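Input: a single structure, listed below in structure tokens.
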Amino acid sequence: MNTAKEVAVGKRDEAFEVARADEERTLRTWCRGKKNIPTALKAVWDLTPEKFYLALDGAYPGDHASAAFVIIEADIDEVNRRLTTAASRDKGPWHTQYKRKSCGIAYRWLQGTAVTPPLLREVQGQIHIEGGMHRFHLARHYGTARMPFLVQEAELAAVLALIPSAALGAVHTEN
Numbered sequence: 038m039n040t041a042k043e044v045a046v047g048k049r050d051e052a053f054e055v056a057r058a059d060e061e062r063t064l065r066t067w068c069r070g071k072k073n074i075p076t077a078l079k080a081v082w083d084l085t086p087e088k089f090y091l092a093l094d095g096a097y098p099g100d101h102a103s104a105a106f107v108i109i110e111a112d113i114d115e116v117n118r119r120l121t122t123a124a125s126r127d128k129g130p131w132h133t134q135y136k137r138k139s140c141g142i143a144y145r146w147l148q149g150t151a152v153t154p155p156l157l158r159e160v161q162g163q164i165h166i167e168g169g170m171h172r173f174h175l176a177r178h179y180g181t182a183r184m185p186f187l188v189q190e191a192e193l194a195a196v197l198a199l200i201p202s203a204a205l206g207a208v209h210t211e212n
């Protein structure tokens, strides 16, 4: 079902979706041909449970109960060392391959708009970013040392076992 139909049947918030569409239009214009890459950027995280579904690109609010997610905080470099190959990067976030998504996140952060933290899971003894890969790599690129992550409750023990620096809750984040 598309967004308009979801709004029409009451499954999505119309004001939120309209504001998001307006923001998308503005950031597309801002990003077009962007050559002035920000020299400094501070990650801003949205820890609102009702928006956790946004960690999964293309998901709808009813797809996942917010209670199924747990917030952890961990050292970003430790998470990076344990990433699956599919979640790893050998190019920076402003490489042409990633620039479009990085630009959208950078625009939001420069405006002070919070984004949902990445969603982690365990895959074959490694950490995989299920959603929010661009957010993770952009935050890392700009020097974020510790940040919040979402983990589905069923995956929590396995993820915590792989990340010794991880702690429940987003107690402190820094850039």
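Positions in the sequence shown are counted from 1; adding 37 to them yields the working numbering. Glycine included, each C-beta is placed from N, C-alpha and C at the ideal position. No experiment lies behind these values; they were computed from the predicted model shown.
Boundaries of the alpha helix (DSSP H) around Glu115: Ile113 to Arg118.
The C-beta separation of Met184 from Ala124 comes to about 15 Å, leaving the pair out of contact by the 8 Å criterion. In the displayed model, Val44 falls within a helix according to three-state DSSP. If you draw a 10 Å sphere on the C-beta of Ser202, you find fewer than 16 other C-beta atoms in it, and that means exposed. In the structure shown, the three-state DSSP call for Val152 is strand.
Annotation: the continuous alpha helix (DSSP H) that includes Leu175 extends over Met170 to His178. Put simply, the segment 107 to 117 touches the segment 185 to 205. At least three CB pairs are less than 8 Å apart.
Taking 8 Å as the upper bound for CB-CB distance, Leu187 and Phe106 are in contact here, some 5 Å apart.
Ile164 carries a strand assignment under DSSP once its states are collapsed to helix, strand and coil. DSSP places Leu187 inside the beta strand (DSSP E), whose first and last residues are Arg183 to Gln189. A residue is called buried when at least 16 other Cβ atoms come within 10 angstroms of its Cβ; Glu192 meets this threshold and is buried. In this structure Ile164 is not in contact with Pro155, their Cβ atoms being roughly 10 Å apart against a cut-off of 8 Å.
The Cβ atoms of Arg172 and Ile200 do not sit closer than 8 Å to each other. In the three-state reduction of the DSSP assignment, Leu197 falls in the helix class. In this structure, DSSP gives Trp67 a helical state, which the three-state scheme calls helix. One thing to note: Lys48 has its Cβ no nearer than 8 Å to the Cβ of Thr153. With a beta-carbon spacing of about 39 Å, Tyr179 and Ala45 fall beyond the 8 Å limit used to define contacts.
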